[in-house]
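**Student:** Handing you this structure, nothing more for now.
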Amino acid sequence: MAYSLLPGSTARRLAGEATDQAECEGKEGRRREREDEGEMELDFCEEGVSHANRRLLTFLKATRRGKIQKVVREIYLRDDLPCGIAGCCLCYDPSDETERKGLLSIDERILLLDTNVALRQLDFLQEDPCINNCLLLSSVLSEVRRRNLQTYSALLALCRQSADSSSGTRKPGVGASSRGDRESDRAEKRFTTFANDVFRATFVDREEEETLEARDRRSLFAAARWFSDHLLAAGAALGLDASHLGRVTILTDEKKRKIEAEQRGLEALTLREFVEEMRARYPTAGEKLAQLEDEEEDEPAVAGGEGALGQRRTEGTAKRRKTAFYDAHLREEEITRQLKTGKLLKGKLRMAPTCSWRGVVLLSGGREVKIRGKKNLNRAVEGDVVAVELLARADQLKSEKEQTEEREEERREPSAKSPEEAETRVINEKAVAAGNFMRESEQDIQEIEDDARVFPTAEMTDDELGPEDADDEEMEGKVVGIIRKNAREFCGTIRPFDNPFRTETATSGLPTEVVFIPADPRIPNIILKTRQYEQLLNKRIVAVIDSWDRFSRNPRGHWTEILGEFGSAEAEANVILREQGVVSRDFSLASLRCLPANTWTFADMSEEDRKGRLDLRHVCVCSVDPPGCKDIDDALSLEVLENGNYRVGVHIADVTYFLKEGTALDEEASERCTTVYLVERRTDMLPSLLTTDLCSLVGNQDRLAFSVLWEMTPEGDIVSSSFHKTFIHSRAALTYAEAQNMIDDPNDKSELAENLRRLLAISKVIRRKRTEAGALQLASPDVQIIRDTLKDNRDDKTQPPVKPTETRRGDITSEKNENGEKGERAKECYAEEVVQEEASDIALYQARETNRMVEDFMLLANTTVAEKIVSYFPSASLLRRHPDPKEKQLEALKELLKSRGIENFEFSSSKRLAASLNAVAKAAPELDFLVRILTTRCMNQAVYFSSGDILSNAHSAKQSLTAALSSSSSSVDISPYFHHYGLAAPLYTHFTSPIRRYADVVVHRMLAAAIGIAEVPRVCRNKQQLSQQCELLNVKHRNAQIAGRNSVQYHVYMYFKNKGAKEAVGTVTKVKKNGAMVYVHKYGLEGVVFFNEREYSFDADKQHLVNRSSGETVQIFDALLVRIEAEQSNDFRPSVAMKLIRKATDQERA
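Residue numbers (UniProt numbering): 1 to 1150.
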């Protein structure tokens, strides 16, 4: 084959352009995916125009909206692209010391990856040391980019890291490494790219009616042929014979692709063959290899001497079809067709909180389709976007029966299996020995699948519905196809073997299939294959699902990472963060470069910035926060004016002065969205230089703030409001307890104490007005973790011991350092702060008046800012709304209260609901807190939204809305669109916590533009970007809440594990067929108390359990004496269990 590769500046320039293009594609890829998500290239080529160096490629592209676009690409073929092999004198000039000499070793095997390997084996490529010296063709990368942008970006990053780590270390003439030091170089990955689509010798024209896959395959073969010939020529030019050169090998995961390559005279290996070759050198090779579905076995037998074997395969395939546990998924085109006709419905699958065999598919418009049983779920998992087919009523009853059978089956131990099952096991084993239908190692797979059904998640069950109990509006269906998989990692633990023989096999280093039990009970158990059983045992690990075929009850996957020892606080915290998708890595160097110097002072500000600020350093300002709080983002002030009115100020840390829009740090903060507080760990949204130093409104320090100022009468009436960028000087950083003590001390006549008393009085007026408007005073069982220090010696990333937690109402916070900001500023900017401490006690958190005082002023600031930004950006404001509650649940609560003699529980509006709750407090004070908790659970989640999204669905009202906004705030009536139900506020947003919430950062920028001191932020000019940011904020906010609750639950478990079981009185909040939900006020805990169904019967009409022998009843609001203890079942999900002792006496209840 003739070729011409010229070294010199042209090659360097083209290589640089390719690198720049790859970087741009990596940065802009996510934006392009958002703008044109779902775009797909059709399998169609209209024409091609060929000249000597020029090609025109024309094809059609279909967008998600169904539009067809014609795309014409012009390609110029080159002869001067370097090959990427280190020391190749045909491509590089040995005399040019400044020229990059390539990356691949000439004396090692060069691996050409096909598309499927690059697309499906990312963990293997990134982490397995056995694979190296790899070449990624541009044709392969283009297809990967079209199918999975995230994988494409990861592969580009891998190539960039390889280039960066090897820069300046390769020696020309002898390859990337000599044989003597190759082992050390193995630690460094050598991956590079080659633009075969624009190189004349490897360019492949697409033939008429040829598929894209076939064209890419021919392109791969052409590149492999050219590289093989080029390697020999380069070796000859260097004086090396063939025995000292590597070989060019195509790496694929399909046997038929290997056969096709070999038929063309090329060397090829399947992944498994390659791993087995490398096993002698790397004993753990293949640990991260994805377990993909086997190729179809229903192909005809290969002619020529395989008649008997082909016959057995055919029989085996037919028999396997009959034993398939799941139905086959519909093809993509069939799903699309039936969705258009309305025969199928599309939605996202959400599983029940405590099991993996039932859930609901959320459809557009708020509708739901119930899915019951594994067969109806049909291999879909939590978060998948699925196509569902509705079931007839007879099929629904059948699915309920199957669900009950599956639950009972999972509760049986292996030893309790029926003789028929044991006989089936023997038959299957004999079939394997005879070479019949079961594939290789099917015996082990079957045993693992049986084991995977042993451990259920305990849950209260509902009554089995009969035809007369059916809800006409309730839909039930089955999954017939998965439109988009929820590709994510899962944390969990592998289950140890009970069989000594299996344990001995697993510890011998042989590949063993084990059961991975996810920490999330909504996810089914996963079958992993590993040679490191001993290293993984009793560890928290991360795994991914690779495939799930019809013949396996459980999915298959591979593990990717070890998080720590099972049961350790660090490992469990890592599990919580990973499960909720919390970004916990350290901040990137690009982000840290955006920070000011750690010696920054006001003197470093420009004269223009200083003149634009209102100087309030003479005003008495203070902050009130939990003890040990370091990231203080709000402070309060009060001044007495000459006319007798007050000037009240809420001062918020001016984060946006340091966090500029569009910078790398801003991008990373927009990805993290929120600071996440666990009991022992805080994962920051921003680096510590900002969160705990420059932006934190600590005592006795000058700080920058964004202030909301009101002129108020002593009676709390607002006269006017204004917004300013300010300088402030906090007189003190108080805790809630310290502020309360100052207020309560009659001898304290200081200015600060007097101001706190005035602020408290005004806050009560504000709260009363809000309550009169219909604001709800709800409750939640916030658990306070009180801990003892276990470890005082801490590294640079940890902080000193902390005091007990105190939280603001409605917020989740963590224990933080009580020390002030004295001493030298931290030099490092880590993303986390960690303390190792043990729970010494737990209790229900009690709020003080100062908690509510701060809350009242923060709510007032948020509503005032919301009105301002909406008046300036009516269709591009970031707001927060709280939808109306779930009427069905409130109706059920009304019936429960009626059974206790409490009538007239109304909830037609928030004002009526608030009045009803107050009436309950008067009629039954002992139920007040509990009823408010139950009411809270009837509420919908408050969400961030873009005002433009709501207005786009209300075109008819847009003009009247805009007109209303132009008038005075008192006349604004937009409750149908932006109303916050719980606060009874027509407009609401988040402004007061920019250190820990990115939503507040965006609102700060909007407010600055609204008052004319800054440009309009970019996000206001791009409604789609604002909508997407709001969606991400909602997800991250929700995940942070779940992470905080899960952390509390784990530490509650550790408390009872270390301190032993405790007895306490709890109140029944729900009754089901086999148990009752019980709330224990002393600890702020809620759990399930299970009842033996042989001893208790369930009366569905009266909603109570009856003891069959004594006739004693258990109903909602009854008091039970329960035993609370730590329980660690075989599913590796630590929890706290409640067990019934007896009904509580009146004395115990009091």
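Ideal placement from N, C-alpha and C gives every residue a C-beta, glycine not left out.
Would you mind sorting Ser-947 into buried or exposed? The rule is 16 or more other CB atoms within 10 Å of its CB.
**Tutor:** As a first step, residue 947 must be located in the sequence shown, where it is residue number 947. Buried: at least 16 other Cβ atoms inside 10 Å.
**Student:** Under a three-way DSSP split, which group does Leu-1007 fall into?
**Tutor:** Residue 1007 sits at position 1007 when you count from the first residue of the sequence shown. Leu-1007 falls in the helix class under three-state DSSP.
**Student:** At what residues does the alpha helix (DSSP H) containing Pro-994 begin and finish?
**Tutor:** The sequence position of residue 994 within the sequence shown is 994, counting from 1. Looking at the DSSP string, Pro-994 is not in any alpha helix (DSSP H), and its letter there is neither H nor E.
**Student:** Do Ser-730 and Cys-594 have their C-beta atoms closer together than 8 angstroms?
**Tutor:** As a working mapping, residue 730 is identified with position 730 in the sequence shown. As a working mapping, residue 594 is identified with position 594 in the sequence shown. Their beta carbons are not under 8 angstroms apart, which means Ser-730 does not touch Cys-594 by this criterion.
**Student:** In terms of residues, what are the limits of the beta strand (DSSP E) holding Thr-863?
**Tutor:** In the sequence shown, residue 863 corresponds to position 863, counting from 1. Thr-863 -> not in any beta strand (DSSP E); alpha helix (DSSP H) instead, spanning 849-872.
**Student:** Just to confirm the assignment, what range does the alpha helix (DSSP H) spanning Arg-281 have?
**Tutor:** Residue 281 sits at position 281 when you count from the first residue of the sequence shown. Neither: Arg-281 is in no alpha helix (DSSP H) and is coded neither H nor E.
**Student:** List the whole-angstrom C-beta distance separating His-990 from Asn-862, where the pair is believed to meet the contact cut-off of C-beta under 8 angstroms.
**Tutor:** Residue 990 sits at position 990 when you count from the first residue of the sequence shown. Residue 862 sits at position 862 when you count from the first residue of the sequence shown. Confirmed, Cβ separation roughly 6 angstroms.
**Student:** With DSSP run on the structure shown, which of helix, strand or coil describes Gln-1115?
**Tutor:** Counting from 1 along the sequence shown, the entry for residue 1115 is found at position 1115. Looking at Gln-1115 - three-state DSSP - the assignment turns out to be strand.
**Student:** Since I believe Lys-725 is in contact with Arg-613 (beta carbons under 8 angstroms), could you give me their beta-carbon distance rounded to a whole number of angstroms?
**Tutor:** Residue numbering aside, residue 613 sits at position 613 when the sequence shown is read from its first letter. Residue numbering aside, residue 725 sits at position 725 when the sequence shown is read from its first letter. That belief holds up - the Cβ atoms of Arg-613 and Lys-725 are roughly 5 angstroms apart, short of 8 angstroms.
**Student:** Among residues of its own chain, excluding the 5 on either side of Leu-859, which ones have a beta-carbon nearer than 7 angstroms to its beta-carbon?
**Tutor:** Position 859 of the sequence shown, counting from 1, holds the residue named residue 859. So the qualifying residues of the chain are Leu-983.
**Student:** If I measure Cβ to Cβ from Arg-279 and keep anything under 6 angstroms in the same chain, skipping five residues before and after, which residues do I get?
**Tutor:** Position 279 of the sequence shown, counted from the first residue, corresponds to residue 279. For Arg-279, where only same-chain residues beyond five positions count, the Cβ hits under 6 angstroms are Ala-285.
**Student:** For the beta strand (DSSP E) containing Ser-243, name the first residue and the last one.
**Tutor:** Indexing the sequence shown from 1 puts residue 243 at position 243. Ser-243 -> no beta strand (DSSP E), and no H or E assigned at all.
**Student:** Short of 6 angstroms in beta carbon distance, which residues of its chain neighbour Ser-877, apart from the five on each side in sequence? Order them along the chain.
**Tutor:** Mapped onto the sequence shown, residue 877 falls at position 877. Ile-869, Val-870 and Ser-947.
**Student:** Considering Cα atoms alone, identify which of Arg-540, Thr-507 and Glu-754 is closest to Tyr-533.
**Tutor:** Looking up residue 533 in the sequence shown gives position 533. Checked all of Arg-540, Thr-507 and Glu-754; the closest Cα to Tyr-533 is Thr-507.
**Student:** Do the stretch 1135-1149 and the stretch 1062-1070 touch if we need at least three Cβ pairs shorter than 8 angstroms?
**Tutor:** Contact holds: three or more Cβ-Cβ distances are below 8 angstroms.
**Student:** Could you check how far apart the C-beta atoms of Cys-134 and Leu-113 are, in whole angstroms? I think they sit under 8 angstroms.
**Tutor:** Your numbering for residue 134 matches position 134 in the sequence shown. Your numbering for residue 113 matches position 113 in the sequence shown. About 6 angstroms; that satisfies the 8 angstroms criterion.
**Student:** According to DSSP, what are the bridge partners of His-980?
**Tutor:** Against the sequence shown, residue 980 aligns to sequence position 980. For His-980, which the question treats as bridged, DSSP gives the partners His-882 and Ala-985.
**Student:** Who are Arg-703's beta bridge partners in DSSP?
**Tutor:** For the purposes of this step, residue 703 is taken as residue 703 along the sequence shown, with counting starting at 1. Beta-bridge pairing links Arg-703 to Ile-728.
**Student:** From what residue to what residue does the beta strand (DSSP E) around Met-1054 run?
**Tutor:** For this step, residue 1054 is matched to residue 1054 along the sequence shown. Met-1054 -> not in any beta strand (DSSP E); alpha helix (DSSP H) instead, spanning 1023-1059.
**Student:** Using a Cβ-Cβ cutoff of less than 8 angstroms, which residues in the same chain neighbour Ser-968 once the five nearest sequence positions on both sides are dropped?
**Tutor:** Translated into the one-based positions of the sequence shown, residue 968 becomes position 968. Caution is warranted here: a pLDDT of 36 is assigned to Ser-968, below 50, making its placement in the model unreliable, and the coordinate value is therefore given only provisionally. Cβ neighbours of Ser-968 beyond the five flanking positions: none.
**Student:** Could you tell me the boundaries of the beta strand (DSSP E) in which Lys-1143 lies?
**Tutor:** Residue 1143 sits at position 1143 when you count from the first residue of the sequence shown. 1135-1143 is the extent of the beta strand (DSSP E) around Lys-1143.
**Student:** Just the C-alpha distance for Val-708 and Ser-637, rounded to the nearest angstrom, thanks.
**Tutor:** Here residue 708 refers to the residue found at position 708 of the sequence shown. Here residue 637 refers to the residue found at position 637 of the sequence shown. Going by the C-alpha atoms only, they are around 10 angstroms apart.
**Student:** Thinking just about the alpha-carbon of each residue, which of Leu-589, Asp-693, Ile-995 and Asn-1034 is nearest to the one in Thr-599?
**Tutor:** Translated into the one-based positions of the sequence shown, residue 599 becomes position 599. Minimum Cα distance to Thr-599 is reached at Asp-693.
**Student:** What are the start and end residues of the beta strand (DSSP E) that includes Asp-515?
**Tutor:** Looking up residue 515 in the sequence shown gives position 515. The question names Asp, but residue 515 is Val in the sequence shown. Run containing Val-515: 512-518, per the beta strand (DSSP E) assignment.
**Student:** Mind checking who Met-475 pairs with in its DSSP beta bridge?
**Tutor:** Working through the sequence shown from its first residue, we reach residue 475 at position 475. Note: Met-475 sits in a beta bridge opposite Val-369.
**Student:** From which residue to which residue does the alpha helix (DSSP H) around Glu-127 run?
**Tutor:** Counted from its first residue, the sequence shown places residue 127 at position 127. First-last of the alpha helix (DSSP H) with Glu-127: 122-127.
**Student:** What's the gap between the Cα of Leu-592 and the Cα of Phe-727?
**Tutor:** For the purposes of this step, residue 592 is identified with residue 592 of the sequence shown, where counting begins at 1. For the purposes of this step, residue 727 is identified with residue 727 of the sequence shown, where counting begins at 1. If I take the Cα positions, the gap works out to 25 angstroms.
**Student:** Thinking just about the alpha-carbon of each residue, which of Gly-235, Ser-606 and Pro-986 is nearest to the one in Asp-107?
**Tutor:** Counted from its first residue, the sequence shown places residue 107 at position 107. Looking at the Cα atoms, Gly-235 is the closest of the given residues.
**Student:** Just the C-alpha distance for Leu-616 and Ala-705, rounded to the nearest angstrom, thanks.
**Tutor:** Numbered from 1 along the sequence shown, position 616 holds the residue referred to as residue 616. Numbered from 1 along the sequence shown, position 705 holds the residue referred to as residue 705. Approximately 10 angstroms between the Cα atoms of the pair.
**Student:** Between which two residues does the beta strand (DSSP E) containing Glu-267 stretch?
**Tutor:** On the sequence shown, position 267 is the one that residue 267 refers to. Glu-267 -> beta strand (DSSP E) spans 267-270.
**Student:** Express the C-alpha separation of Pro-500 and Ile-494 in angstroms, rounding to a whole number.
**Tutor:** Here residue 494 corresponds to residue number 494 of the sequence shown, with the count starting at 1. Here residue 500 corresponds to residue number 500 of the sequence shown, with the count starting at 1. Cα to Cα, Ile-494 sits roughly 16 angstroms from Pro-500.
**Student:** Can you give me the start and stop residues for the alpha helix (DSSP H) that Thr-341 sits inside?
**Tutor:** Residue mapping note: residue 341 aligns to position 341 of the sequence shown, counting from 1. It spans 332-341 - the alpha helix (DSSP H) in which Thr-341 sits, taken as one unbroken run.
**Student:** Use the C-beta contact count for Pro-555: other C-beta atoms within 10 angstroms, 16 or more gives buried, fewer gives exposed.
**Tutor:** As a first step, residue 555 must be located in the sequence shown, where it is residue number 555. The residue is buried, with at least 16 neighbouring Cβ atoms inside 10 Å.
**Student:** Span of the alpha helix (DSSP H) holding Glu-208?
**Tutor:** Here the question's residue 208 lines up with position 208 in the sequence shown. That residue, Glu-208, is in no alpha helix (DSSP H); it is neither H nor E in DSSP.
**Student:** Taking all protein chains shown into account, do 16 or more other C-beta atoms lie within 10 angstroms of the C-beta of Glu-565, making it buried, or fewer, making it exposed?
**Tutor:** For the purposes of this step, residue 565 is taken as the residue at position 565 of the sequence shown. Exposed is the call here.
**Student:** State the beta-bridge partners of His-618 as determined by DSSP.
**Tutor:** Here residue 618 refers to the residue found at position 618 of the sequence shown. Paired residue(s): none; His-618 is not in a bridge.
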